[in-house]
C-alpha cells in the first residue's frame, strides 16, 4: 500500500482551519469551537441537574438518573442523529450541523457532569449538614451553601476528567 503523505502536507491549512478566512471554520478549528461550546453548555447544565437530583429525592431523582442512563448508554452518534432530525421538527427550521453536534455533545456530557457533581456532593461527611443545621439553617434553605462549597475539591477532579474524555 502506497501512502501519499504529500496530500496531507499540501492541504494542512485546510485540515487545520477550513475556510476560516471566508468565515467558514472547519477542521481542527471547528472541532475546538464545538468542544468549547459544548463544555460551556454542559457544565452549568450538569451542575443544575445535579443540584436538582441532590435537593429533590424520589421521583425527580429517579427520572434524572433514568434520563442520564439512557443518554449515556446510547452511542453519541445516535444522539447526534436524533437531534439532527428532532430539532428541525421542534424549531421549524434547519439548524447548522455544527450547532446540532454541539448541542448533542452538550446534552451527552451534561449527563456525565451531573453524575460527577452529585458524587462530589454525596461524598461529603454528614457533619457538614449537621453543622449547617446547628447554625440555624433549615434543611431546605441553608444546608446547600456549606456542602456545595466544601465539595468543590472533590467535584473539580471529576469535572476535569469528564471534559478531557469529551474532547
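Residue numbers (UniProt numbering): 1 to 167.
Cβ atoms here follow ideal geometry from the backbone N, Cα and C, with glycine treated the same way.
Can you have a look at residue i and say buried or exposed, based on whether 16 or more other CB atoms are within 10 angstroms of its CB?
i: residue 47; result: buried
i: residue 117; result: buried
i: residue 9; result: exposed
i: residue 176; result: Given that the chain is displayed from residue 1 to residue 167, the structure contains no residue 176 and the question cannot be resolved.
i: residue 33; result: exposed
i: residue 132; result: buried
i: residue 23; result: exposed
i: residue 102; result: buried
i: residue 126; result: exposed
i: residue 113; result: buried
i: residue 83; result: buried
i: residue 6; result: exposed
i: residue 92; result: exposed
i: residue 104; result: buried
Classify residue i as helix, strand or coil using the three-state DSSP reduction.
i: residue 88; result: helix
i: residue 46; result: helix
i: residue 78; result: helix
i: residue 94; result: coil
i: residue 56; result: coil
i: residue 3; result: coil
Can you name the residues that DSSP bridges to residue i?
i: residue 24; result: 19
Thinking just about the alpha-carbon of each residue, which of the options is nearest to the one in residue i?
i: residue 75; options: 109, 52, 64; result: 109
i: residue 65; options: 115, 130, 128, 45; result: 115
i: residue 99; options: 135, 38, 56; result: 38
i: residue 42; options: 15, 130, 133, 111; result: 111
i: residue 54; options: 129, 113, 89, 122; result: 122
i: residue 45; options: 130, 13, 90, 68; result: 68
i: residue 50; options: 136, 137, 120; result: 120
Residue i lies in the alpha helix (DSSP H); which residues open and close that run?
i: residue 243; result: Examination of residue 243 is not possible in this model, given that the chain is present from 1 through 167 alone.
i: residue 137; result: Neither: residue 137 is in no alpha helix (DSSP H) and is coded neither H nor E.
i: residue 64; result: 59-73
i: residue 112; result: 97-122
For the ligand HEM, I want to know if residue i counts as a neighbour, meaning its beta carbon is within less than 7 Å of at least one of the ligand's heavy atoms.
i: residue 112; result: Inclusion of the ligand HEM in the displayed structure is not the case, the ligand content being empty and no account of it being possible.
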